[in-house]
Every structure is written in C-alpha cells, then in structure tokens.
Amino acid sequence: MKERGHLIRDMLSAKGLRPRDIERRSRTICDEKGNQEFFVSHATLADIEAGSTPSIYKLYTLAVCCGVSYSRMLLLFGVDTGEAEPQALALVPDKPAPETSILTKPNFEFRMNFDVRVDREETNLLQGEPQDWRFLPQDLVTRLEPTRFLYALIGLKDESMSDIIPPGSLVEIDREQTQIDHTGWNNLRDRPIYLVWHEQGYSCGWCQIVRNELLIMPWPGSARPILLFKVPREATVIGRIVHVWCSLCPESRMSARLERNRSFSR
-3 MKERGHLIRD MLSAKGLRPR DIERRSRTIC DEKGNQEFFV SHATLADIEA GSTPSIYKLY
57 TLAVCCGVSY SRMLLLFGVD TGEAEPQALA LVPDKPAPET SILTKPNFEF RMNFDVRVDR
117 EETNLLQGEP QDWRFLPQDL VTRLEPTRFL YALIGLKDES MSDIIPPGSL VEIDREQTQI
177 DHTGWNNLRD RPIYLVWHEQ GYSCGWCQIV RNELLIMPWP GSARPILLFK VPREATVIGR
237 IVHVWCSLCP ESRMSARLER NRSFSR
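Read left to right, the sequence shown gives residues -3 to 262 (our numbering).
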C-alpha cells in the first residue's frame, strides 16, 4: 500500500502541487459537491502517502488533482470497474446480459517513474529522473540538477514565448522562486518568466499579480491571449524559469521555423 501512496505523491509532485495546494483545491470540490468528505488535509495526504487507504470521496479529489480519471485512480488500489458488471452478471446465470453491453478491461498502467511518455505537443513538467528522459542527449542529462530544480518541456504547439523560449525547448525551473517579481529588469528579455499550472494545463510567460488575479502575458508577437486566473484558487506558480536549452524540435519543424526567421537562441 505504501508504494501506491508514493505513486500518488509522485503524480502530485509532477504537477508541481504541494499539500497546501491539495487542501485548497479539495475545499473547492467540497463547496461544489456540498460534502466535506471530499476534503484532503495535509495530515490526510501524509497518511495516504504512508500507506492508508482513502475513502471514495478523497480518491475522487486525488483523481481530480492528479489529472486522471476516477476509474484509473480506483485501479491503482486494485479496483477494476471494468470487471464489476461482468462478475455481477455471472451471479445471475438465468438472466442473460444485454447484447448491447460491451465491457472491456481498461488498458492502463501506473509507470510514472519507469517509462516516461511525454506529450511533446503540450507544455508539461517532466516526471521521474533525467536518465529516464530518453529524448535528451546524455551529455545534457549529466548537467541537470533534479534535486534542486524542476524541468519542463515546452510543447511544440506552445508559441506563447517563442522568440525567447522556442517550442520544443527544455526549461529549468527554480521551484523556490514562486513570488512574482514586478521590477528589476531593463527590457523584456530580462523580465522573469514563470511556469504556471492551471486547470487547462501549464503555461509559461511574464506574470503580474493585481489584487487576487494572476495575469500570464505572452510574447507580443505570438498572437496568444493574456491569461487571467484567480489566485490561489485557479492557478499555482510552479517557479521561475532560469535556464533554457533549445531546441528539441524535430528537424522538419525547426526548418519551417527557421524559414520564418525565428530566433532559436537565448
């Protein structure tokens, strides 16, 4: 059971979520559902990571926070919802199962730290250890510091900061720099860039906080809109991007970008 708790911890960590983030989001779910059973406190999360089995309500909250379906979260604890109906029907042999009912076993594996599969189209935090990131050159892997920094891959479709951080780039994130700097730069290229998690995924950009609202601003020429979120309820600053390796784009896409005279260096 402890291994399952560790997997949940790793999934939450991969999304940059801390115990206080889980508490905040679970309160939102409690309000929406009108049921305090959905609340996951810091102490409850620690118990789950240590091996205790959460209730069905708390499993729901964890599934939402981890970004997986409820059935997949149940599968982690040995409950395969795809097997429930066939087994129930088997107990009533005189009543044939409806011909329109086709049940298949979910094709799902929890291998968070062993076989890292990255959706390169969207911006995502990288999970596991650098040696598991097979798309990176070995000489680059040896330069990374996963005990201090987080790492993310900027999606091939993410051109929000393309003139500074091209799509397909690897970025290094200082998880300790989560406070937004509003002054101290002389030009746009020197302005701090942050990685932010929100319910639609991850975004990088210049950030500004006005009252309780977080603005994520893209490079002016990107044609991307400014994003606006309530904080801390709707978004979490993962940290400041402090280093960029560019670009990991396939050659065909890189050639197309070079033809458009885009800059691929920082």
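C-beta atoms are modelled at their ideal positions from N, C-alpha and C, and glycine is treated no differently.
None of the values given here were measured: they were computed from a predicted structure.
Residues sharing a beta bridge with residue i, DSSP
i: Q204; result: L211
i: W241; result: L166
i: W129; result: W129 pairs with nothing; no bridge assigned.
i: A148; result: L121, V167
i: T232; result: W193
i: F270; result: Residue 270 lies beyond the residue range present for the chain, which begins at -3 and ends at 262; the question has no answer from this structure.
i: Y66; result: Note: Y66 sits in no beta bridge, so no partner.
i: S199; result: V192
Contact belief for residue i with residue j at Cβ below 8 Å, rounded distance in angstroms
i: S199; j: T119; result: 7 Å
i: G201; j: S156; result: 6 Å
i: Y56; j: F73; result: Not a contact, Cβ separation roughly 13 Å.
i: L190; j: I237; result: Reading off the sequence shown, one finds Tyr at residue 190, where the question assumed Leu. About 7 Å separates the two Cβ atoms, so the contact holds.
i: K11; j: G63; result: 7 Å
i: V192; j: I212; result: 6 Å
i: H194; j: A231; result: 4 Å
Where residue i falls, given that 16 or more other Cβ within 10 Å makes a residue buried
i: D27; result: exposed
i: K91; result: Here the model assigns K91 a pLDDT of 47, short of 50, so the residue's position is not dependable and the matter cannot be decided.
i: L136; result: exposed
i: V167; result: buried
i: W181; result: exposed
i: A42; result: exposed
i: D154; result: buried
i: R229; result: exposed
i: R16; result: exposed
i: V206; result: exposed
i: V233; result: buried
i: K226; result: exposed
i: L184; result: exposed
i: T40; result: buried
i: P214; result: buried
i: S22; result: buried
i: I75; result: According to the sequence displayed, residue 75 carries Val and not Ile. Classification for V75: exposed.
Endpoints, beta strand (DSSP E) assigned at residue i
i: K153; result: Where K153 is concerned, there is no enclosing beta strand (DSSP E), given that its DSSP letter is neither H nor E.
Residue i - containing alpha helix (DSSP H), residue span
i: I18; result: 15 to 29
i: A266; result: The requested residue 266 is not part of the displayed model; the chain covers only -3 to 262.
i: V137; result: 134 to 137
i: H178; result: It is not in any alpha helix (DSSP H) - H178 carries neither H nor E in the DSSP assignment.
i: E45; result: 38 to 46
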